[in-house]
Structures are given as C-alpha cells and as structure tokens.
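Mapping of the sequence shown onto UniProt numbering: position 83 corresponds to residue 83, and the numbering continues sequentially without gaps.
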Amino acid sequence: MKTQLKNPHFYIMLCTDVLLFTLAYVLAYAIRFDFDLAKAKEGQYLLETLPLIVGIKVLVFLSMGTYRGMWRYVSLNDLVHLTKASLVAFLVELAFVLWLYRFQGFSRGVFVLDAILTFLLLGGSRAAIRYVFQKKWI
C-alpha cells in the first residue's frame, strides 16, 4: 500500500473510480425513477447518501486490493476481483442504509442497479485501458 501512495498513477485510478462510483449511483437512481430526480424525496435521498455510498465503495475496493495490478494487463482474474468487490460493497451499503435509515423511503432496486453499474463501468474502464495499450495507441 505504501508503494501505491507514491505512484501518481494510483491517484489517477482512484479519482477515475470515484467519478465512476458517483456516476453508477446517480445512474441507478435515474434509471429506477425514470430519469425524474426532481422529486424532492428521491433527490434528497440521493444527495444524502451519495458521499456515504462513494466512501464505502472506495474503502471496500482499496481493502480488497483492486488497485494493486496494472490496468494495462487486466485479465479475467481482475474482473473476478471487481465482481467480488462490487458484491461486498453492495452488502456493506445495504447494511449501512438499513442501520442508518431502516430502508424507509429507499428503493432496494437502486442498490442492485448500483452494484451492476459499478461492475460494468469499472470493468469497462479497465478493459478499455487494456485495449488502448494492446493496440499501441499510447
């Protein structure tokens, strides 16, 4: 972990993932509520829980070692790690929302969509980087 903190690429990867975590959660809400987030209740829940959800995902993905390898050599094994990290983050999110809010006013479908979108967005970004390096574009 200490060597990762010295690597500037680590911070680029982390910032990219934070943006993708945010996008996944907002998209999950948008899809679940038919892209009508102007409703006061749903929009308020989204804004209240966004920092919590993104923070949970960052901690889970860091603790599960998803930033150890180099993205240009992404393999199926890395996608399996992403799947595991997405599922663990999903379960931790559910536990926190249950504990803090008792799921009152929350759609469970948002969290399922969020886990799926998180995996797809992160897996897609890593696969895209591998494709770019494989084609020698960089």
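For every residue, glycine included, the Cβ atom is placed at its ideal position computed from N, Cα and C.
Quick caveat: nothing in here was measured; it's all calculated off a predicted structure.
Following the DSSP letters along the chain, one finds T66 in no alpha helix (DSSP H), marked with neither H nor E.
Going by beta carbons, V58 and V18 fall inside the 8 Å limit. Residue burial is scored here from C-beta neighbours: L113 has at least 16 other C-beta atoms within 10 angstroms and is therefore classed as buried. R130 and V74 have their alpha carbons spaced roughly 6 Å apart.
Three or more beta-carbon pairs separated by less than 8 Å are not found between the region 97-109 and the region 75-82, which leaves the two stretches without contact.
With a 10 Å radius around the Cβ and a threshold of 16 neighbouring Cβ atoms, S86 comes out buried.
A direct Cα-Cα distance of roughly 21 Å separates I31 from T83.
In the DSSP assignment, F10 falls within the unbroken alpha helix (DSSP H) covering P8 to R32. Out of V54, H81 and I53, the CA that lies nearest to the CA of T66 is found in H81. In this structure, F90 and F106 do not form a Cβ contact; the two beta carbons are roughly 14 Å apart against a cut-off of 8 Å. The C-alpha of I12 is placed about 13 Å away from the C-alpha of R126. Residue environment for F103: exposed (fewer than 16 other C-beta atoms within 10 angstroms of its C-beta).
Around the beta carbon of A38, a 10 Å sphere encloses fewer than 16 other beta carbons of the protein chains shown; the residue is thus reported as exposed.
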